[in-house]
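Q:
Residue numbers (the UniProt record's numbering): 1 to 258.
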């Protein structure tokens, strides 16, 4: 099931994406599917008539995972971690598909990072790896935008990855996905710059959720960014980045300068 958060000019609503390609439409559902069972209202909205929003705005936290692909760690000149490397991103960084990533004057060196994002579905703590499926609501695409100069200057990642608009999510949540081996392709102005598979993760999704839930109580709507494959690179104002994940869809965002 693909669950989208959208608007047609009024309050945000939720809908189940139906159809494929140019024939897609939204079957509106009542309430927030994270908290209430999916129940249709009978209303149909053409996808072309809706503006897709970030499928979730975390009320609590976004947990990023660093250096979770060996090739990416190598290209960054970093050692491989022996346990998941975590950082937090504020929810004010979240934007949706089509929204502009705003590059502030604070930075002159911004990179894209296409990633699979995990959406937590219920409050949980100390979840063993073999029960992780019970607490996952679904998956979406993410671009873990990073200010590399701030990352170097600060020596940690809160500012570099947490600037306003630096965490695009979307286009919707796919609830039926096996994340073990799916393709992640990132394009910059139409050119493929990342082409990886989740099978190459150092720590797979069950391991990550187990580790994160040992450190933090996870709440519905919390997001875990699972790391990025090799091929990260610069992006500047005027360019457009697409993150396409097999079985989910494509997240597209333009970059602009403030």
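We put the beta carbon where it would ideally sit given N, CA and C, even for glycine.
1. When you compare the CB positions of residue 222 and residue 58, do they come within less than 9 angstroms of one another, or not?
2. Note down, one range per segment and in chain order, each beta strand (DSSP E) of at least 3 residues found wholly within the region 185 to 235.
3. My parser needs the beta strand (DSSP E) runs of 3 or more residues fully inside the region 72 to 123; what are they?
4. Grab me the residues of residue 8's own chain with a C-beta within less than 8 angstroms of its C-beta, minus the 5 sequence neighbours each way, in chain order.
5. DSSP three-state call for residue 244: helix, strand or coil?
6. Whole angstroms is fine: what's the gap from residue 242's alpha carbon to residue 250's?
7. If you check the beta carbons only, do residue 115 and residue 143 fall under 9 angstroms apart?
8. In this structure, what does DSSP give as the bridge partners for residue 25?
9. Where does residue 131 land, buried or exposed, given buried means 16+ other C-beta within 10 angstroms?
10. Suppose you measure from the CA of residue 84 to the CA of residue 42; what does that come to, to the nearest Å?
11. By DSSP, does residue 174 sit in helix, in strand, or in coil?
12. Where do the N-terminal and C-terminal ends of the alpha helix (DSSP H) with residue 161 fall, by residue?
13. Just checking, does the region 177 to 189 make contact with the region 81 to 98 on the three C-beta pairs under 8 angstroms criterion?
14. Quick one: using the 10 Å Cβ neighbour count with 16 as the cut-off for buried, is residue 92 buried or exposed?
15. May I ask you to list the residues that DSSP assigns as paired with residue 142?
16. Would residue 212 and residue 202 be called neighbours here (beta carbons separated by less than 9 angstroms)?
17. Alpha carbon to alpha carbon, how far is residue 182 from residue 252?
18. Should residue 55 go down as buried or exposed, given a rule of 16 or more other Cβ atoms within 10 Å for buried?
19. Can you pull the DSSP bridge partners for residue 31?
20. Using the Cα positions of residue 6 and residue 53, report the straight-line distance between them to the nearest angstrom.
21. Determine whether the beta carbon atoms of residue 220 and residue 34 lie at a separation below 9 angstroms.
22. Given a cut-off of 9 angstroms on the beta-carbon distance, is the pair residue 127 and residue 218 in contact?
A: This is what the structure gives:
1. yes
2. 191 to 197 and 223 to 225
3. 85 to 89, 101 to 103, 110 to 112 and 114 to 120
4. 45, 49, 50 and 51
5. strand
6. 6 angstroms
7. yes
8. 18 and 46
9. exposed
10. 44 angstroms
11. strand
12. 158 to 162
13. no
14. exposed
15. 115 and 169
16. no
17. 19 angstroms
18. buried
19. Per DSSP, none; premise fails for residue 31.
20. 5 angstroms
21. yes
22. yes
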